[in-house]
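One structure is given here, and the rest of the page talks about it.
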Amino acid sequence: EYIEWCDDASTNSKFAVEDATKQQEKLEAKIGELTSDISVADSKIGELAGAISTGEKELSDAQLIREKETADFAAGEKELVDAVDTLGRAVGVLQKEMSKNPAALA
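If you're matching positions, the sequence shown starts at 5 in the working numbering and goes up one per residue.
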């Protein structure tokens with residue numbers, strides 16, 4: 005009876021070791037797979053970081069161009085407003101002079 009118990013315990017231990025070995029192999033394979041996934045993700049993160057950096061540089065360049073264009077527009081607009089104002093005053097002066105002596109300007 006003791007020998008039978010020993011044989012059963014030995015068989016059970018053998019199966020337990022086999023099951024644990026299979027489980028270990030599965031887990032090691034999963035670790036390898038996940039390690040590969042990590043490498044791929046790290047590579048993708050590097051690519052995205054580069055794209056973000058490029059995008060931020062392009063945005064900065066575009067903002068500088070926009071600021072320059074805004075300054076150019078403001079200067080041009082001021083010049084045009086001044087010209088319109090000057091023309092308006094000239095028209096007023098001419099109308100005033102014409103009302104004084106309409107024949108002199110004809």
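All residues carry an ideal CB built from backbone N, CA and C; glycine is no exception.
Is there at least one Cβ from chain D nearer than 8 Å to residue i's Cβ?
{"i": "residue 31", "result": "Checking the listed chains, one finds no chain D in this structure; it contains a single protein chain."}
Can you grab the Cα-Cα spacing for the pair residue i / residue j, in whole Å?
{"i": "residue 81", "j": "residue 91", "result": "15 Å"}
{"i": "residue 98", "j": "residue 105", "result": "11 Å"}
{"i": "residue 72", "j": "residue 40", "result": "48 Å"}
{"i": "residue 50", "j": "residue 61", "result": "17 Å"}
{"i": "residue 48", "j": "residue 54", "result": "10 Å"}
{"i": "residue 24", "j": "residue 59", "result": "51 Å"}
{"i": "residue 35", "j": "residue 44", "result": "14 Å"}
{"i": "residue 20", "j": "residue 37", "result": "25 Å"}
{"i": "residue 70", "j": "residue 79", "result": "14 Å"}
{"i": "residue 84", "j": "residue 57", "result": "40 Å"}
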